[in-house]
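S.K.:
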Amino acid sequence: MLDRYIGLGVTAITLAFSAQAQMVSFSSPVPWVTQRNDSVSVKAQVDTAQLKQKALTFKLLQVSNGKKKTIASKKVSVTDLSVDVSFGAIKKQLLGGNEYLQVEWSVPGSKTEKGILEPFGIVSESVFKRLAPVTAVKVKTAQDCSQFKDDQFQSLGNIKVATAWNMDACFIAVKKGADSKSTIKCAFDGKNGKSAFASYPDRILAYDIGNDAVNPIHYTREIKADSLKYNENKWINTVTKETQGDLIVITIPWSDVGVIPFEERTVGFAMFAQSNGKVAQAIPTGANVLIPGTWTNLLLAK
51 MLDRYIGLGV TAITLAFSAQ AQMVSFSSPV PWVTQRNDSV SVKAQVDTAQ
101 LKQKALTFKL LQVSNGKKKT IASKKVSVTD LSVDVSFGAI KKQLLGGNEY
151 LQVEWSVPGS KTEKGILEPF GIVSESVFKR LAPVTAVKVK TAQDCSQFKD
201 DQFQSLGNIK VATAWNMDAC FIAVKKGADS KSTIKCAFDG KNGKSAFASY
251 PDRILAYDIG NDAVNPIHYT REIKADSLKY NENKWINTVT KETQGDLIVI
301 TIPWSDVGVI PFEERTVGFA MFAQSNGKVA QAIPTGANVL IPGTWTNLLL
351 AK
């Protein structure tokens, strides 16, 4: 009998917390969304039966590696089931990766009646719209990469790299002779969403020049103690590499990166040269591996 009453008590407490958590439900923005402008507004549904004071405080914060900065705060009167709160323009064209926006709501004077909405970010079209694409030359086989001219290679520091494709795969050709301490990373966003946050479907192919080793990675994400963490995981792949004279040619099947290829298709893409774990150079300049919105496009040429 005592166990039954204890069970009922736990159920009552759980229901009470569940009900309180539903006092405010956000309809916009939603977690992990990327805004295209810096005007931030919130739409929410409020359970007025629970809200005694008929007022709420909303706070917009910028969160980065465990630190919070308040951007704006508003107290609003609640007279209806829905609430619209505008924080105005926050003068940020890019916010993502390890940084994100968070909205806190609370009942004035209460220490327990509160909640949060997180994360969401901003990538303005001005960040990526004018970036020049990386052109992948159409070839019949990987062996055709050996015919590349010098002007078809791009420079990442002292690394020379070129891209090619056919209906089966994407090819990354790297000239030998680069710094043995360097790693080149090629990032693919098949959905080309220009997001503020790298996600599980995004694929990163890392080539360790010194160890002549390929490492395919992608990320899972989690927020702990107001820090957005990206955990590296290997993805199941059939990536291969071969030597062609002074080239290392890496073959990445399109099925591995979730892309259906066709002429003139564009895929979210960036390349990074790393030395001692730090990015030394990127294509496009200023790209962030954790922010696909800063990547350019890979153009599958005719």
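Reminder that position 44 of the sequence shown reads as 94 in my numbering, one-by-one numbering, no gaps. Even glycine gets a Cβ: it sits at the ideal position worked out from N, Cα and C.
Going by beta-carbon coordinates alone, are Y257 and T233 separated by less than 9 Å?
M.R.: Going by C-beta atoms, Y257 is nearer than 9 Å to T233.
S.K.: Can you give me the C-alpha to C-alpha distance between E175 and V90, rounded to a whole angstrom?
M.R.: When rounded, the distance between both Cα atoms is 16 Å.
S.K.: Any chance the region 260 to 267 sits against the region 185 to 204, with 3 or more Cβ pairs inside 8 Å?
M.R.: The region 260 to 267 vs the region 185 to 204: no contact.
S.K.: With 16 as the cutoff for other CB atoms within 10 Å, does N338 come out buried or exposed?
M.R.: The residue in question, N338, is buried, as its Cβ has 16 or more Cβ neighbours within 10 Å.
S.K.: Buried or exposed for I286, please, with buried defined as at least 16 other CB atoms from any protein chain shown within 10 angstroms of its CB.
M.R.: Exposed.
S.K.: Hey, how far is the Cα of D227 from the Cα of N261?
M.R.: The residue you asked about is not Asp; residue 227 is Gly in the sequence shown. Near 13 Å, if we compare the C-alpha coordinates of N261 and G227.
S.K.: Is the beta carbon of L145 within less than 8 Å of some heavy atom of the ligand COA?
M.R.: Because no ligand of any kind appears in the structure shown, any question about the ligand COA cannot be addressed here.
S.K.: Taking the continuous beta strand (DSSP E) assigned at F319, which residues delimit it?
M.R.: Note, F319: beta strand (DSSP E), 316 to 325.
S.K.: Tell me, which residues are paired with Y257 by DSSP?
M.R.: Looking at the DSSP assignment, Y257 forms a beta bridge with I234, V264.
S.K.: In terms of residues, what are the limits of the alpha helix (DSSP H) holding D306?
M.R.: 304 to 307 is the span of the alpha helix (DSSP H), which, as asked, contains D306.
S.K.: Take F322 as the anchor and find which of T335, T288, A248 has the nearest alpha-carbon.
M.R.: Nearest option by C-alpha distance: T335.
S.K.: Below 8 Å CB to CB, which residues in the same chain sit around S230 once its five sequence neighbours on both sides are set aside?
M.R.: These residues qualify, in order along the chain: I259, G260.
S.K.: Which first and last residues belong to the alpha helix (DSSP H) in which F178 is found?
M.R.: That run of the alpha helix (DSSP H) goes 175 to 178.
S.K.: So, helix, strand or coil for D200, using DSSP?
M.R.: Helix, per DSSP.
S.K.: Under DSSP, the beta strand (DSSP E) around G138 begins and ends at which residues?
M.R.: Segment 132 to 139, the beta strand (DSSP E) holding G138.
S.K.: Expressed to the nearest angstrom, what Euclidean distance is found between the alpha-carbon atoms of P169 and Q72?
M.R.: Going by the C-alpha atoms only, they are around 18 Å apart.
S.K.: Assign P342 to one of three DSSP states: helix, strand, or coil.
M.R.: Three-state DSSP puts P342 in a helix.
S.K.: Look at the alpha carbon of A219 and the alpha carbon of W304, and state the distance between them as a whole number of angstroms.
M.R.: Their backbone Cα atoms lie some 5 Å apart in a straight line.
S.K.: Using the Cα positions of V299 and Q197, report the straight-line distance between them to the nearest angstrom.
M.R.: Each residue's Cα considered, the two are about 12 Å apart.
S.K.: For the putative contact between V133 and V96, defined by C-beta atoms under 8 Å, what is the C-beta separation to the nearest angstrom?
M.R.: Indeed, because the Cβ distance is near 6 Å, the residues count as touching under 8 Å.
S.K.: Could you tell me whether any Cβ in chain D is nearer than 9 Å to the Cβ of S230?
M.R.: Given the protein chain composition of this structure (a single chain), no chain D is represented.
S.K.: Compare the Cα-Cα distances from K142 to each of V128, V135, I121 and report the closest residue.
M.R.: Ranking V128, V135, I121 by Cα distance to K142 puts I121 first.
S.K.: Tell me where the beta strand (DSSP E) around C220 begins and ends.
M.R.: Residues 219 to 225.
S.K.: Can you tell which of L340, L206, D296, G295 has the C-alpha that lies nearest to the C-alpha of A332?
M.R.: Checking every option, the nearest Cα to that of A332 belongs to L206.
S.K.: Which runs of the alpha helix (DSSP H) at least 4 residues long sit entirely within the region 94 to 166? Give them in chain order.
M.R.: Runs of the alpha helix (DSSP H) inside the region 94 to 166: none found.
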